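Enquirer: Below are the structure tokens for one structure; questions will follow.
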Amino acid sequence: MRRLAAAALLALPALLAFGRGGYFGVTRVRVALLACVLLAVAAFVAERPLPRSRHGRLALGGLAALTAWTGLSLLWAPVQGPAFADFERLILYTAAFGAGIALFRDSRWVEPALLGTIVATALYGLSERVLPSIFALDALPSADDRLAHPLTYWNGQGALAAMGLVLAAGLAARGQRLAVAAAPILGLDLYLTLSRGAIGAGLAGLAVLVALQPTRAGLRAALVVVAGAALASAAALALPGVQDVDGSTGQGIVMIAVIAALSAAAYFAMRADATPVPRLRPLATAALVALLAGTVIAVATSGSQGAAGSTEAGRLVSVQSNRYAYWEVAVDVFADHPLQGVGSGAFAVEWLQRRDIAEGVKDAHSLYLETAAELGIVGLLALAAFLVGIVGAARRRGAEPAIIAALVVFALHAGLDWDWELPALGLTAILLAAKLLAEAD
Numbered sequence: 126m127r128r129l130a131a132a133a134l135l136a137l138p139a140l141l142a143f144g145r146g147g148y149f150g151v152t153r154v155r156v157a158l159l160a161c162v163l164l165a166v167a168a169f170v171a172e173r174p175l176p177r178s179r180h181g182r183l184a185l186g187g188l189a190a191l192t193a194w195t196g197l198s199l200l201w202a203p204v205q206g207p208a209f210a211d212f213e214r215l216i217l218y219t220a221a222f223g224a225g226i227a228l229f230r231d232s233r234w235v236e237p238a239l240l241g242t243i244v245a246t247a248l249y250g251l252s253e254r255v256l257p258s259i260f261a262l263d264a265l266p267s268a269d270d271r272l273a274h275p276l277t278y279w280n281g282q283g284a285l286a287a288m289g290l291v292l293a294a295g296l297a298a299r300g301q302r303l304a305v306a307a308a309p310i311l312g313l314d315l316y317l318t319l320s321r322g323a324i325g326a327g328l329a330g331l332a333v334l335v336a337l338q339p340t341r342a343g344l345r346a347a348l349v350v351v352a353g354a355a356l357a358s359a360a361a362l363a364l365p366g367v368q369d370v371d372g373s374t375g376q377g378i379v380m381i382a383v384i385a386a387l388s389a390a391a392y393f394a395m396r397a398d399a400t401p402v403p404r405l406r407p408l409a410t411a412a413l414v415a416l417l418a419g420t421v422i423a424v425a426t427s428g429s430q431g432a433a434g435s436t437e438a439g440r441l442v443s444v445q446s447n448r449y450a451y452w453e454v455a456v457d458v459f460a461d462h463p464l465q466g467v468g469s470g471a472f473a474v475e476w477l478q479r480r481d482i483a484e485g486v487k488d489a490h491s492l493y494l495e496t497a498a499e500l501g502i503v504g505l506l507a508l509a510a511f512l513v514g515i516v517g518a519a520r521r522r523g524a525e526p527a528i529i530a531a532l533v534v535f536a537l538h539a540g541l542d543w544d545w546e547l548p549a550l551g552l553t554a555i556l557l558a559a560k561l562l563a564e565a566d
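In terms of the numbering used here, the sequence shown opens at residue 126 and continues consecutively.
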């Protein structure tokens, strides 16, 4: 029964992903109800439903406190609809997190199952690019030619693919080399989103993976993943039909053949070798610092979501600015309402009152700054408790490097975009964190 409940819990991100990312109410509420049912099941079938480690208790308590404070903020939030949507989402996250901690102990299938879901979403999104005569997905005018399906937001889809690349490298490094065959698929998916933040976060995650696992197998896995992703992207550059939503079946078939060849090459390139590589950890750490700085700068200077020319590959090296304006308003709101914030979901109202540019924005594009603005110091403390608990579990000896690195991808990108509001992406990170804490018990 416990294994069945764990399998059902691992299926929830797929339900959200193929329900337009779970952003809209009906899908989100249904999956939240399922998560609550699974939490109740876990309470009965798990030997230890609650975490025993102090890190686990801190993380679960922090997320529960954040949920409760978000619900309480309905009392002062100026708009009830967005605030209630945030509350529903956090109920989903908290229920799934608690259930995962109880159900994932001794489970070896969490990372492979989540990677499988991520690959499935990538294949779905790529289907109309490589076989346009067979597949035609719903048009998304705001995305232009950027790949956004099935999550319906290109940066969110890119972040999910980046997490998948890191998981693939981590699984391959520990001997499951079939995982690395997904690199060309995920790399092409990531490239076609044209998401600089996701690319930078993915590279940062790989640097973390190598720093945590400074062996020949770890280095080889990271290099094979980067090579597979880069070569698939280069092939797409030579096949403009793949970059176009309308596509070209002929070029798409060529792309399928290229991906198949690259996947096979990646599989056969992997070797299991736990020999340490001297000086690899400090080099990977230095690369991580550079990537963190570069990613933040690149995203902070990114243009508006509908900026002209943003659908071309040149967008990856363009310099425009809008996100800094969102963050500046969030900081100003926090300064004016430091204790309790303005209420969950209220950033959109404050933006309309304080903005300097004529652009409609619902979110501050940063989990941390938006929490400060909307929920104040109390919300920040609850979020900090959740994150500190996860970091504490990650620091223990034997913690899984692939999970830690994938969570770094999410934590970095969530600070630069509205990933937390996209349940398919957020729940994937929540379940990985639950697995990390379950192992700590």
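For each residue, glycine too, the CB sits at the ideal point set by N, CA and C.
Being a predicted model, the structure only gives us computed values, none of them experimental.
How about Leu164: is its C-beta nearer than 8 Å to some C-beta of chain D?
Expert: Within the model displayed, chain D is absent; a lone protein chain is all it includes.
Enquirer: Give the DSSP-derived three-state secondary structure of Ser429 in the structure shown.
Expert: The pLDDT assigned to Ser429 is 48, lower than 50, so where the model puts this residue is not dependable; a value taken from the coordinates is nonetheless given after this. In the structure shown, Ser429 sits in coil (DSSP, three-state: anything other than H, G, I, E or B).
Enquirer: Within the present structure, is the beta-carbon of Leu315 separated from the nearest heavy atom of the ligand NAD by less than 7 Å?
Expert: Although the ligand NAD was asked about, the structure shown includes no ligands whatsoever.
Enquirer: Are Asp314 and Leu262 close, meaning C-beta to C-beta below 8 Å?
Expert: The answer is no: Cβ separation not under 8 Å.
Enquirer: Since Met288 is in the alpha helix (DSSP H), which residue starts that stretch and which ends it?
Expert: Counting along the chain, the alpha helix (DSSP H) containing Met288 begins and ends at Trp279 to Ala298.
Enquirer: Start and end of the alpha helix (DSSP H) containing Ser252?
Expert: First-last of the alpha helix (DSSP H) with Ser252: Val235 to Val255.
Enquirer: Specify the secondary structure class of Pro401 as computed by DSSP and reduced to three states.
Expert: DSSP places Pro401 in strand when its eight states are reduced to three.
Enquirer: Restricting to Cα atoms, I'd like to know which of Asp566, Leu537 and Ala558 is closest to Val235.
Expert: Cα-wise, what sits closest to Val235 is Ala558.
Enquirer: Quick one: what does DSSP say Ala554 is sitting in, helix, strand or coil?
Expert: If DSSP states are grouped into helix, strand and coil, Ala554 belongs with the helices.
Enquirer: Buried or exposed, going by whether 16 or more other CB atoms sit within 10 Å of the CB of Gln338?
Expert: It counts as buried.
Enquirer: Between Val204 and Val467, is the Cβ-Cβ spacing less than 8 Å?
Expert: Result no, Cβ atoms of Val204 and Val467 do not sit closer than 8 Å.
Enquirer: Expressed to the nearest angstrom, what Euclidean distance is found between the alpha-carbon atoms of Leu334 and Leu561?
Expert: Straight-line Cα distance between these residues: approximately 15 Å.
Enquirer: Considering only the beta carbon of each residue, do Ala208 and Gly470 sit closer than 8 Å?
Expert: The answer is yes: Cβ separation under 8 Å.
Enquirer: Please name the residue in Leu251, Pro309, Leu240 and Leu276 whose C-alpha comes closest to that of Gly295.
Expert: It is Leu240.
Enquirer: Can you check whether the CB of Thr553 is closer than 8 Å to the CB of Leu228?
Expert: No, the Cβ-Cβ distance between Leu228 and Thr553 is not below 8 Å.
Enquirer: Please name the residue, chosen from His274, Leu348 and Asp211, that lies closest to Trp194 on a Cα-to-Cα basis.
Expert: Ranking the options by Cα distance to Trp194, first place goes to Asp211.
Enquirer: Anyone know if the C-beta pair for Val534 and Ala238 falls short of 8 Å?
Expert: In this structure, Ala238 does not lie closer than 8 Å to Val534 by Cβ.
Enquirer: For Met126, count neighbouring Cβ atoms within 10 angstroms of its own Cβ and tell me buried if that reaches 16, exposed if not.
Expert: Exposed is the call here.
Enquirer: Taking contact to mean 3 or more Cβ pairs, one atom from each stretch, closer than 8 Å, check whether the stretch 241 to 260 and the stretch 152 to 172 are in contact.
Expert: With the cut-off at 8 Å, the stretch 241 to 260 and the stretch 152 to 172 do not touch.
Enquirer: If I measure Cβ to Cβ from Trp543 and keep anything under 7 Å in the same chain, skipping five residues before and after, which residues do I get?
Expert: Hits under 7 Å: Asp488 and His490.
Enquirer: When you compare each of Ile529, Ala450, Asp481 and Ala483 to Glu495 by their alpha carbons, which one comes out closest?
Expert: Ranking the options by Cα distance to Glu495, first place goes to Ala450.
Enquirer: Around the Cβ of Gly150, are there at least 16 other Cβ atoms within 10 angstroms (buried) or fewer (exposed)?
Expert: Counting Cβ neighbours within 10 Å, Gly150 comes out exposed, since fewer than 16 surround it.
Enquirer: Name the two residues that bound the continuous alpha helix (DSSP H) containing His180.
Expert: Here the alpha helix (DSSP H) through His180 covers Arg179 to Leu197.
Enquirer: Arg404 to Gly281, Cα distance in whole Å?
Expert: Those two C-alpha atoms are separated by around 34 Å.
Enquirer: With three or more C-beta pairs closer than 8 Å as the rule, is the stretch 286 to 293 touching the stretch 407 to 420?
Expert: No, the stretch 407 to 420 does not touch the stretch 286 to 293.
Enquirer: Measuring alpha carbon to alpha carbon, tell me which residue in Pro526, Ala323 and Ala133 is nearest Ala423.
Expert: Checked all of Pro526, Ala323 and Ala133; the closest Cα to Ala423 is Ala323.
Enquirer: Using a Cβ-Cβ cut-off of 7 Å (strictly less than) and excluding sequence neighbours within five positions of Thr400, which residues of its own chain qualify?
Expert: Here the set comprises Thr340 and Arg341.
Enquirer: Measuring alpha carbon to alpha carbon, tell me which residue in Ala563, Ala165 and Ala531 is nearest Gly551.
Expert: The residue with the shortest Cα to Cα distance from Gly551 is Ala531.
Enquirer: Would the stretch 357 to 375 count as touching the stretch 342 to 349 if we require 3 or more Cβ pairs under 8 Å?
Expert: The stretch 357 to 375 vs the stretch 342 to 349: no contact.
Enquirer: Which residue from Phe260, Thr246, Leu140 and Leu129 puts its Cα closest to that of Gly312?
Expert: Considering only alpha carbons, the answer is Thr246.
Enquirer: Whose C-alpha, out of Ala293, Phe222 and Val154, is nearest the C-alpha of Ser388?
Expert: Cα-wise, what sits closest to Ser388 is Ala293.
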